[in-house]
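Engineer: Residue numbers (our numbering), protein chains in the order written: chain V, -13 to 359; chain P, 353 to 639.
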């Protein structure tokens, strides 16, 4: 049976009715700590709260790191030594002074700095490249920095700033090279980028192994130091320089947080919204290379922190870089300090490479979070 | 008034756009149609200043785009890209709030007014109930409405939309284009959209620009542009153009059978004859 449908009644679309504006949120006061886990744009309050919590944790971990070690120092004495050196006057150095202030404190400070710097570098690279695998170690940037630092030690061993400087040059050159290699005719592909990074990293590590085998220098440390990282060798006065570099670079990174948020969505989208893409990108690459270079030159290539920490922070609080950058810095500081304390104490008096411990601590946390969300 | 004059873009040796001109007055909604690869998206990018033409120029209010700062341009243009990939987990509200960047000093946090603006844009596109969902979790149609909200949150003078309705169901296609048309009228926007659905173009556009191989084949009212001959030239496909019984705008229908150019006789949907005609045009009701 065949039947024609009646013509449907078609009318011109109705004129648009615009709803009355609904009330903005914030009418009833919320419990303070719930802000920590609310979805939505970062607010100054949320950033301050997250940073306060993480900052307190970082201080706690730092204190723990000073307290624990092959020679345990009672907590009361740790407190007294710290107080005396930070705010008071030190008349004579006791054994506790030497252990806490001369030996452990620089190492703890380096751990905090390294963790913060590597986490920020990772967060920057991931946002810039829109790739969750981007990280100084994976992309070969740490390898470039290590090669630069080795060249500096072999060539200009007595110049204090040669090491961070050449490490930075190595990191920056590697970044540029990986970036250039990843640009195909069809623009930058994510897979190409990681592939280019892995290949360059392999090349660089082989180069480092070669140099270490061919140039026996008393100042050079072994392959394990450069590949896995080690916080034990900070006695030579580079630390203040490295801290200065990291603080300045982190401040620059934080200034770029908002344009980076737009870049995460896409370069063209960011350009459409008025972001000066080339300037922000160059600046962020520069800062990431500087951070990685500075840390690698004194602590070797600690992997994994830059990869896992920013992810962890994003899983907990979202991807807004105004929150991710400071929160990742503090979480990275916590992770590395904790890992180094474990590395020093787990099999004392033997020490483990800190990079191996960061990986062992970070992976389970990461897997747990991945499964939860 | 947004004008493009004799815009020519060459990519390698291949001309992507050749001497395309276009003028869009405030309050006017212009559709760009043409086959795949005819330069529609490139034209939008040229209009936004993302691609610099080798010859010709784009002017806004009589001034070339080069005279505006990136931030000024960002406040003039609201852009809906074709198919943006958003990999990071951000909430819908955060995504729409990014549109307020050109009004900020580059860092700091969004103001209460920015949030109000983003929410009202979301309300317009009927997407406000997604405000706290992750942008990565939305369906294609929901995402498209959010992307339109982001373009509107810029409070632009010009809207550039690349297939704004491609992922939407019938109701939202009509609703979004109605919204775009209303906003174009009452905010005096110069709006340009790329579309493949010629019937939507015929219903909603004030004027139509037809492109093929980067050349402008026609620029005029839907009645002038959407003719059987022109559609044949642009798309190489036989189509039947008649009047919509209610709105009176051109109605374009295609069929499987007829591939002859329109000048070889009137369009017949059913080259096989009356039997085929019955089979093709009427529906067999369930008995």
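Glycine included, each C-beta is placed from N, C-alpha and C at the ideal position.
1. Which runs of the beta strand (DSSP E), 3 residues or longer, sit entirely within the stretch 373 to 433 of chain P?
2. Name the chain V residues that come within less than 9 Å of residue 433 of chain P, Cβ to Cβ?
3. Residues of chain P with a CB under 8 Å from the CB of residue 27 of chain V: which are they?
4. Any residues in the stretch 278 to 312 of chain V with a beta carbon nearer than 9 Å to a beta carbon of chain P? Which ones, in chain order?
5. Going by DSSP in three states, residue 622 of chain P sits in which element: helix, strand or coil?
6. Name the DSSP bridge partner or partners of residue 572 of chain P?
7. Can you tell me the Cα-Cα spacing of residue -7 of chain V and residue 556 of chain P, whole angstroms?
8. Mind listing which residues of the stretch 376 to 409 of chain P have their C-beta closer than 7 Å to chain V's C-betas, in chain order?
9. Between the beta-carbon of residue 117 of chain V and the beta-carbon of residue 180 of chain V, is there less than 8 Å?
10. Based on the DSSP secondary-structure assignment, which residues constitute the bridge partners of residue 486 of chain P?
11. Near residue 159 of chain V, what residues of its chain come up, given a Cβ to Cβ distance below 7 Å and the 5 sequence neighbours on each side ignored?
12. Let's test the definition: count the other Cβ atoms within 10 Å of the Cβ of residue 242 of chain V and tell me whether it reaches 16, buried, or not, exposed.
13. According to DSSP, residue 355 of chain P sits in a beta bridge with which residue or residues?
14. Let me check one thing: in DSSP terms, what residues is residue 284 of chain V bridge-paired to?
15. Select from V:276, V:47, V:138 and V:288 the residue whose C-alpha is nearest the C-alpha of residue 206 of chain V.
16. Under 8 Å, do residue 225 of chain V and residue 76 of chain V count as touching if we go by C-beta distance?
17. At 7 Å on the CB atoms, spell out the chain P contacts of residue 248 of chain V, in chain order.
18. Suppose the cutoff is 7 Å on Cβ atoms and the five residues either side in sequence are ignored; what does the same chain contact list for residue 346 of chain V look like?
19. If the criterion is Cβ atoms closer than 8 Å, does the pair residue 426 of chain P and residue 258 of chain V meet it?
20. Is it true that the CB of residue 380 of chain P sits closer than 8 Å to the CB of residue 559 of chain P?
21. Answer with buried or exposed for residue 419 of chain P, where buried requires no fewer than 16 other C-beta atoms within 10 angstroms of its C-beta.
22. Going by DSSP, what residues sit across from residue 360 of chain P in a beta bridge?
23. Compare the Cα-Cα distances from residue 136 of chain V to each of V:292, V:30, V:279 and V:336 and report the closest residue.
24. Can you list, in chain order, the residues of the stretch 417 to 428 of chain P whose Cβ is nearer than 9 Å to any Cβ on chain V?
25. Excluding the 5 residues flanking residue 392 of chain P on each side, which residues of the same chain have their C-beta closer than 8 Å to its C-beta?
26. Taking buried to mean at least 16 other C-beta atoms within 10 Å of its own C-beta, is residue 363 of chain P buried or exposed?
27. Just the C-alpha distance for residue 520 of chain P and residue 614 of chain P, rounded to the nearest angstrom, thanks.
28. Using 8 Å as the threshold, is the stretch 291 to 298 of chain V in touch with the stretch 225 to 237 of chain V, meaning 3 or more CB pairs across them?
29. Measure the C-alpha to C-alpha separation of residue 252 of chain V and residue 246 of chain V and round it to an integer number of angstroms.
30. In three-state terms, what does DSSP make of residue 245 of chain V?
31. For chain V, is any of its Cβ atoms less than 8 Å away from the one on residue 482 of chain P?
32. If you run the structure through DSSP and keep just helix, strand and coil, what is residue 99 of chain V?
33. Nearest to residue 578 of chain P by alpha carbon, out of P:435, P:594, P:436 and P:464?
34. Quick one: is residue 262 of chain V near chain P, going by C-beta distance under 8 Å?
35. Who does residue 546 of chain P pair with in a DSSP beta bridge?
36. With 8 Å set as the bound, which would you pick, yes or no: does the beta-carbon of residue 438 of chain P sit closer than that to a beta-carbon of chain V?
Structural biologist: Result, derived from the coordinates:
1. 380 to 385, 407 to 412 and 429 to 432
2. Within the second chain, residue 433 of chain P is the residue found at index 81, counting from 1. Chain V residues near residue 433 of chain P: 252, 254, 255 and 258.
3. Sequence index remark: in the first chain, residue 27 of chain V carries index 41 (1-based). Correct list: 443, 445, 446, 449, 461, 462 and 467.
4. 300, 301, 304, 305, 306 and 308
5. As a working note, residue 622 of chain P is residue 270 in the second chain. Below a pLDDT of 50, predicted positions are generally treated as unreliable, and residue 622 of chain P, at 47, falls in that range; the measurement from the model is reported next regardless. DSSP places residue 622 of chain P in coil when its eight states are reduced to three.
6. Position 220 of the second chain, counted from the start, is the residue given in the question as residue 572 of chain P. Residue 572 of chain P pairs with P:560.
7. Sequence index remark: in the first chain, residue -7 of chain V carries index 7 (1-based). Sequence index remark: in the second chain, residue 556 of chain P carries index 204 (1-based). Caution is warranted here: a pLDDT of 47 is assigned to residue -7 of chain V, below 50, making its placement in the model unreliable, and the coordinate value is therefore given only provisionally. Taking the straight line from one Cα to the other gives about 21 Å.
8. 400 and 402
9. On the first chain, residue 117 of chain V is found 131 positions in, with the first residue counted as 1. On the first chain, residue 180 of chain V is found 194 positions in, with the first residue counted as 1. Result yes, Cβ atoms of residue 117 of chain V and residue 180 of chain V sit closer than 8 Å.
10. As a first step, residue 486 of chain P is located in the second chain; it is residue number 134 there, counting from the start. Answer is P:443.
11. Position 173 of the first chain, counting from 1, holds the residue named residue 159 of chain V. Counting only Cβ-Cβ distances below 7 Å, and skipping sequence neighbours, we find 130.
12. Walking along the first chain from the start, residue 242 of chain V turns up at place 256. The residue in question, residue 242 of chain V, is buried, as its Cβ has 16 or more Cβ neighbours within 10 Å.
13. Residue numbering aside, residue 355 of chain P sits at position 3 when the second chain is read from its first letter. According to DSSP, residue 355 of chain P bridges with P:375 and P:411.
14. As a first step, residue 284 of chain V is located in the first chain; it is residue number 298 there, counting from the start. According to DSSP, which records beta bridges pairwise, residue 284 of chain V is partnered with nothing at all.
15. Looking up residue 206 of chain V in the first chain gives position 220. Comparing Cα positions, the closest option is V:138.
16. Residue numbering aside, residue 225 of chain V sits at position 239 when the first chain is read from its first letter. Residue numbering aside, residue 76 of chain V sits at position 90 when the first chain is read from its first letter. Not closer than 8 Å, so no.
17. Mapped onto the first chain, residue 248 of chain V falls at position 262. Per Cβ cutoff of 7 Å: 450 and 453.
18. The residue labelled residue 346 of chain V in the question sits at position 360 within the first chain. The answer is none, since no qualifying residue turns up.
19. Here residue 426 of chain P is taken as the residue at index 74 of the second chain, counted from 1. Here residue 258 of chain V is taken as the residue at index 272 of the first chain, counted from 1. Contact flag set, yes.
20. Here residue 559 of chain P refers to the residue found at position 207 when the second chain is read from its first residue. Here residue 380 of chain P refers to the residue found at position 28 when the second chain is read from its first residue. Result yes, Cβ atoms of residue 559 of chain P and residue 380 of chain P sit closer than 8 Å.
21. Counted from its first residue, the second chain places residue 419 of chain P at position 67. Classification of residue 419 of chain P: exposed, given that the 10 Å Cβ count is below 16.
22. As a working note, residue 360 of chain P is residue 8 in the second chain. Paired residues: P:407.
23. Position 150 of the first chain holds residue 136 of chain V. Looking at the Cα atoms, V:279 is the closest of the given residues.
24. 421, 422, 423, 424, 425, 426 and 427
25. If you number the second chain from 1, residue 392 of chain P lands on position 40. Around residue 392 of chain P: 384, 385, 386, 514, 546 and 563.
26. Position 11 of the second chain holds residue 363 of chain P. Per the 10 Å Cβ criterion, exposed.
27. Your numbering for residue 520 of chain P matches position 168 in the second chain. Your numbering for residue 614 of chain P matches position 262 in the second chain. In a straight line, the C-alpha of residue 520 of chain P is about 32 Å away from that of residue 614 of chain P.
28. no
29. Along the first chain, read from residue 1 onward, the residue named residue 252 of chain V stands at position 266. Along the first chain, read from residue 1 onward, the residue named residue 246 of chain V stands at position 260. Rounded to the nearest angstrom, the two C-alpha atoms are 10 Å apart.
30. For the purposes of this step, residue 245 of chain V is taken as residue 259 along the first chain, with counting starting at 1. Three-state result, residue 245 of chain V: helix.
31. Here residue 482 of chain P refers to the residue found at position 130 of the second chain. Not one chain V Cβ lies under 8 Å of residue 482 of chain P.
32. Indexing the first chain from 1 puts residue 99 of chain V at position 113. Helix, per DSSP.
33. Within the second chain, numbered from 1, the residue matching residue 578 of chain P stands at position 226. Among P:435, P:594, P:436 and P:464, the Cα nearest to that of residue 578 of chain P is on P:594.
34. Looking up residue 262 of chain V in the first chain gives position 276. It does: the Cβ of residue 262 of chain V has a partner Cβ on chain P nearer than 8 Å.
35. Counting from 1 along the second chain, the entry for residue 546 of chain P is found at position 194. For residue 546 of chain P, which the question treats as bridged, DSSP gives the partners P:384 and P:514.
36. Residue mapping note: residue 438 of chain P aligns to position 86 of the second chain, counting from 1. Taking Cβ atoms only, chain V reaches closer than 8 Å to residue 438 of chain P, which makes this a yes.
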